[in-house]
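What follows is a single structure, written as structure tokens, with notes after it.
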Amino acid sequence: MSDQERRTGRDETEEERADRMWGELIQEVRVAQTGVQILFGFLLTVVFQQKYAELSDTDKTIYVITVILGASATGALIGPVSLHRLVAGRRVKPKAVRVASRLTSVGLFLLLVTMTAALVLILRVATDGSPVTWVVVAVVVWYLLCWYGLPLWSRHRHTTR
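Position 128 (the sequence shown) corresponds to 127 in numbering that gives the first Met the number 0; numbering is contiguous.
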């Protein structure tokens with residue numbers, strides 16, 4: 000493939016594009032990392048609260064699953080930073096950007112599931128349980144619309160061929 004064929008609409012080389020995409024990806028990851036780390040930190044404290052002993056076995060199971068999901072999301076969203084640090088200067092940035100992008104996508108999905116599980120647990124404890132299903136479904140639909148629906152619609156609508 001010639002340099003001309005590798006160029007994009009921005010008139011940049013593959014390496015320049017990888018540099019730009021890496022910077023954009025890291026900015027996106029910073030936002031998600033902050034949220035997942037705060038959520039995960041909060042989840043880690045729940046087990047030490049007095050009310051934890053009063054939770055039903057089902058709620059304790061939901062809690063454990065939520066903590067595991069939160070730990071997994073944290074790992075996936077911190078992964079791109081470690082990846083960059085370990086491969087910096089090795090001339091593999093285009094490949095590293097693709098791997099980091101996939102890790103970020105996995106991390107965002109895990110964050111979605113973690114937030115859903117945390118919402119289920121909080122609403123089960125805070126209410127008598129009756130509206131939980133409908134509220135959680137509504138919030139998850141909102142997450143899906145904001146995180147996937149609108150971006151995919153925008154990509155489809157505004158991408159030039």
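Every residue, glycine too, gets a C-beta built ideally from N, C-alpha and C. Because the structure is a prediction, the values reported are computed rather than measured.
Taking the alpha helix (DSSP H) that residue 45 falls in, what are its first and last residues?
-> For residue 45, the enclosing alpha helix (DSSP H) covers residues 13–45.
Residue 54 (DSSP reduced to helix, strand or coil) = Here residue 54 sits in coil by DSSP.
Among residues of its own chain, excluding the 5 on either side of residue 14, which ones have a beta-carbon nearer than 8 Å to its beta-carbon?
-> The answer, listed in chain order, is 92 and 93.
Selected residue, minimal CA-CA separation from residue 17, among 140, 71, 90 and 60 | Among 140, 71, 90 and 60, the Cα nearest to that of residue 17 belongs to 90.
When you compare only the Cα positions, how much space is there between residue 159 and residue 20?
-> When the Cα atoms are used, residue 159 and residue 20 turn out to be separated by approximately 19 Å.
Cβ contact check for the region 35–47 and the region 101–117: 3 or more pairs under 8 Å | Because the criterion of three Cβ pairs below 8 Å is met, the region 35–47 and the region 101–117 touch.
Secondary structure at residue 89, three-state DSSP: helix, strand or coil?
-> Reduced to three states, the DSSP call for residue 89 is coil.
How close, in whole Å, do the beta carbons of residue 109 and residue 71 come, if the pair is a contact with beta carbons under 8 Å?
-> A Cβ-Cβ separation of about 5 Å places residue 109 in contact with residue 71 under the 8 Å criterion.
Determine the burial state of residue 85: buried for a count of at least 16 other Cβ atoms within 10 Å of its Cβ, exposed for fewer.
-> A residue is called buried once 16 or more other Cβ atoms fall within 10 Å of its Cβ, and residue 85, having fewer, is exposed.
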